[in-house]
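Asker:
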Amino acid sequence: MNHDPLDDLLGDPTPLPDAGFTARVMSALPRRRSPAPPLEPWLLALVPGLVTVALGPDASALARSLADGLAGLVGGLGPALAPGGGPQPGTVAALATAAALAAAALGAWLLAEPT
Amino acid sequence: MPPSDTELVARVLAEDDRRAFAELVHRHQSAVRGLLRRLTAGDAALADDLAQQVFITAWKKLGSWRGGARLSTWLYRIAWNAWASQARRAPPVEPPPPEPVRGTDDAVLDRRDLTRALAQLRPEERAALAVTYGQDLTHEEAAEVLGCPVGTLKTNVLRGKERLRLLLLPAPEATA
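Those sequence lines, one after another, are chains R and G. For the first sequence, the residue numbers in this note's numbering are 1 to 115. For the second sequence, the residue numbers in this note's numbering are 116 to 291.
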């Protein structure tokens, strides 16, 4: 079998010393995505406010429970969505906000229905 | 025994372990930069800039790496895409008619000759040779990296080698 000097030359790449390349890459890496922040304080205040407006002052305890439940639910949503290729934090926060507002509005509407 | 690529990737994903990622970069930097130097026809600065982009992309998309394929193959694929994207932004000029890059009196081929000769190949021939040789890939893996059929890859390898032979090796009558 004929020996091809081209195969030797092409198949033998010179190993490149790191020479600071890894450090350069590491310094340029963006920060990892962080889990979604907990609900914004204004949103937490908004949820019981909506329910209380809909039902009156008597429902304030129920409204607080609803707000606490939503905060727990949305707080758990972030870590579940964020790691490894998940949506950006801004997306998670927007989703959380939309979900909380929708749930609060639905809860207020249900509780306001005449029985 | 050093941790495998798979173990290091798992650490990065589970613990956000930057040291594990640095080990991956250090482990694969030579192959990725070497491939890009061949793709860029020896432009070391451009190759290193692209290699940096490759590892940053890998960091962002590490969760999408499927453990079934070797990490190196996945990195080469990102490198190829980075180079192809760069080539679209600044298309390489059509190579001039081939000129011998070395005299026939020197019996030893060296890598500078090879780099200059590779620069005279068509981009698709250069890419085929770059991923097929020195990267420890099968023809199937090399074709997957370039996103082309295996037959196309083999054709480009053969054509590229023929052109390199004309550029690098002394004509038979000159050696007689």
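We put the CB at the ideal spot given by N, CA and C, even for glycine. All values derive from a computational prediction rather than experimental measurement.
Mind listing the chain G neighbours of R/A28? Cutoff is C-beta to C-beta under 8 angstroms, in chain order.
Answerer: Taking the first sequence and counting its residues from 1, the one referred to as residue 28 of chain R is at position 28. Chain G residues near R/A28: Q167, I171.
Asker: So G/L60 packs on G/L128, CB below 8 angstroms; how close in whole Å?
Answerer: Coverage of chain G is limited to positions 116 through 291, which leaves residue 60 of chain G absent and any answer about it impossible.
Asker: Return the Cβ separation of R/T22 and G/H141 in integer angstroms, given the expectation that the two are a contact with Cβ distance under 8 angstroms.
Answerer: The residue you call residue 22 of chain R lines up with position 22 of the first sequence. The residue you call residue 141 of chain G lines up with position 26 of the second sequence. Yes, R/T22 and G/H141 are in contact; Cβ-Cβ is about 5 angstroms, under 8 angstroms.
Asker: For chain G, check one thing: does any of its Cβ atoms lie closer than 8 angstroms to the Cβ of R/G11?
Answerer: Along the first sequence, one-based indexing puts residue 11 of chain R at 11. Answer yes: the Cβ-Cβ gap between R/G11 and chain G drops below 8 angstroms somewhere.
Asker: Sorted by chain position, which residues of the same chain lie with C-beta nearer than 6 angstroms to G/V147's C-beta, five sequence neighbours on each side aside?
Answerer: Within the second sequence, numbered from 1, the residue matching residue 147 of chain G stands at position 32. Contacts found: A166, V169, L190, A194.
Asker: Anything in chain R within Cβ reach of G/Q235, meaning under 7 angstroms, just list it in chain order.
Answerer: Locating residue 235 of chain G in the second sequence gives position 120, counting from the first residue. In chain order: nothing, as chain R lies at least about 14 angstroms away.
Asker: Round the Cβ separation of G/V150 and G/V272 to the nearest angstrom and send it over; I've been treating them as touching at under 8 angstroms.
Answerer: Counted from its first residue, the second sequence places residue 150 of chain G at position 35. Counted from its first residue, the second sequence places residue 272 of chain G at position 157. What sits at residue 150 of chain G in the sequence shown is Leu, not Val. The pair is not a contact, with the Cβ atoms about 15 angstroms apart (cut-off 8 angstroms).
Asker: With distances taken between CB atoms, is the gap from G/E256 to G/T188 smaller than 8 angstroms?
Answerer: Within the second sequence, numbered from 1, the residue matching residue 256 of chain G stands at position 141. Within the second sequence, numbered from 1, the residue matching residue 188 of chain G stands at position 73. Taking 8 angstroms as the Cβ cut-off, G/E256 and G/T188 qualify as a contacting pair.
Asker: Here's the rule I'm using: 16 or more other beta-carbon atoms within 10 Å means buried, otherwise exposed. How should R/W109 be labelled?
Answerer: Residue numbering aside, residue 109 of chain R sits at position 109 when the first sequence is read from its first letter. Classification of R/W109: exposed, given that the 10 Å Cβ count is below 16.
Asker: Buried or exposed: where does G/T219 fall if 16 or more other Cβ atoms within 10 Å of its Cβ makes it buried?
Answerer: Looking up residue 219 of chain G in the second sequence gives position 104. Any reading at G/T219 is ruled out, since the residue's pLDDT is 46, under 50, leaving its predicted position unreliable.
Asker: Could you tell me whether any Cβ in chain R is nearer than 8 angstroms to the Cβ of G/A248?
Answerer: Here residue 248 of chain G refers to the residue found at position 133 when the second sequence is read from its first residue. Sequence check: residue 248 of chain G is Tyr here, not Ala. Interface residue, yes.
Asker: Name the residues in the region 136-161 of chain G whose C-beta lies less than 7 angstroms from a C-beta of chain R; which are they?
Answerer: Listed by position along the chain: A137, V140, H141, Q144, S145, R148, G149.
Asker: Given 7 angstroms as the limit, tell me if G/D251 has its C-beta closer than that to any heavy atom belonging to the ligand ZN.
Answerer: In the structure on display, the ligand ZN does not appear, and there are no ligands present to speak of.
Asker: Should R/L10 be labelled buried (16 or more other beta-carbon atoms within 10 Å of its own) or exposed?
Answerer: Walking along the first sequence from the start, residue 10 of chain R turns up at place 10. So R/L10 ends up on the buried side.
Asker: G/D120: buried (16+ other C-beta within 10 angstroms of its C-beta) or exposed?
Answerer: As a working mapping, residue 120 of chain G is identified with position 5 in the second sequence. Buried: at least 16 other Cβ atoms inside 10 Å.
Asker: Tell me, to the nearest whole angstrom, how far the beta carbon of G/L139 is from that of G/L154; I am working on the premise that it is less than 8 angstroms.
Answerer: As a working mapping, residue 139 of chain G is identified with position 24 in the second sequence. As a working mapping, residue 154 of chain G is identified with position 39 in the second sequence. Not confirmed; about 21 angstroms, so no contact.
Asker: With G/R192 and G/V260 assumed to form a contact (beta carbons below 8 angstroms), what rounded beta-carbon distance in angstroms separates them?
Answerer: Walking along the second sequence from the start, residue 192 of chain G turns up at place 77. Walking along the second sequence from the start, residue 260 of chain G turns up at place 145. Going by Cβ atoms, the distance from G/R192 to G/V260 rounds to 5 angstroms, so yes, they are a contact pair.
Asker: Output the distance between the C-alpha atoms of G/A135 and R/A104, rounded to the nearest integer angstrom.
Answerer: Within the second sequence, the letter at position 20 stands for residue 135 of chain G. Within the first sequence, the letter at position 104 stands for residue 104 of chain R. Going from the Cα of G/A135 to the Cα of R/A104 covers about 43 angstroms.
Asker: Output the boundary residues of the alpha helix (DSSP H) element that contains R/S27.
Answerer: Numbered from 1 along the first sequence, position 27 holds the residue referred to as residue 27 of chain R. First-last of the alpha helix (DSSP H) with R/S27: 21-28.
Asker: Check the Cβ of R/T122 against every Cβ in chain G and list those closer than 7 angstroms, keeping chain order.
Answerer: Outside the modelled stretch of chain R, which goes from 1 to 115, sits residue 122 of chain R, for which no answer is possible.
Asker: Helix, strand or coil, according to DSSP, for G/A156 in the structure here?
Answerer: Reading the second sequence from its first residue, position 41 is the one you call residue 156 of chain G. Looking at G/A156 - three-state DSSP - the assignment turns out to be coil, as it is neither helix nor strand.
Asker: Assign R/L106 to one of two classes, buried (16 or more other C-beta atoms within 10 Å of its C-beta) or exposed (fewer than that).
Answerer: Here residue 106 of chain R refers to the residue found at position 106 when the first sequence is read from its first residue. Exposed.
Asker: Can you tell me whether G/R226 is helix, strand or coil according to DSSP?
Answerer: As a first step, residue 226 of chain G is located in the second sequence; it is residue number 111 there, counting from the start. Here G/R226 sits in helix by DSSP.
Asker: Which chain R residues are close to G/W174, counting only those with a beta carbon under 9 angstroms from its beta carbon?
Answerer: Indexing the second sequence from 1 puts residue 174 of chain G at position 59. Those within 9 angstroms of G/W174 in chain R are V25, L29, P30, R32.
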